[in-house]
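Residue numbers (the UniProt record's numbering): 1 to 93.
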């Protein structure tokens with residue numbers, strides 16, 4: 001129960017801060033990181049809750065989040081290397 005309460009408080013605080021600072025910093029950072037396909041006119045109501053969930057989860061369970069990021073990084077790295085190797089083996093005319 002305590003972890004849930006901490007998570008809810010962290011989520012509410014982070015959501016408030018992300019929504020408050022959207023025009024100043026969060027929007028410009030996401031515009032720099034995201035490709036044009038993932039951007040729309042009203043990204044605020046999608047990205048702010050998503051970032052707040054990630055931040056609150058990182059506050060409550062930082063080791064789990066770190067391990068998840070490491071696994072995602074390894075899978076992406078292996079996938080990139082494998083795709084590069086396959087493209088080199090493909091006979092391109």
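No residue lacks a Cβ here, since even glycine has one placed at the ideal position from N, Cα and C.
As assigned by DSSP and simplified to three states, the class of residue i
i          : result
residue 90 : coil
residue 35 : coil
residue 21 : coil
residue 1  : coil
Exposed unless 16 or more other CB atoms sit within 10 angstroms - verdict on residue i
i          : result
residue 67 : exposed
residue 36 : exposed
residue 63 : exposed
From the options, residue whose alpha carbon lies closest to that of residue i
i          : options        : result
residue 41 : 20, 49, 31     : 31
residue 15 : 29, 47, 80, 83 : 47
residue 17 : 83, 52, 38, 3  : 52
residue 13 : 49, 87, 74     : 49
residue 9  : 60, 71, 85, 77 : 60
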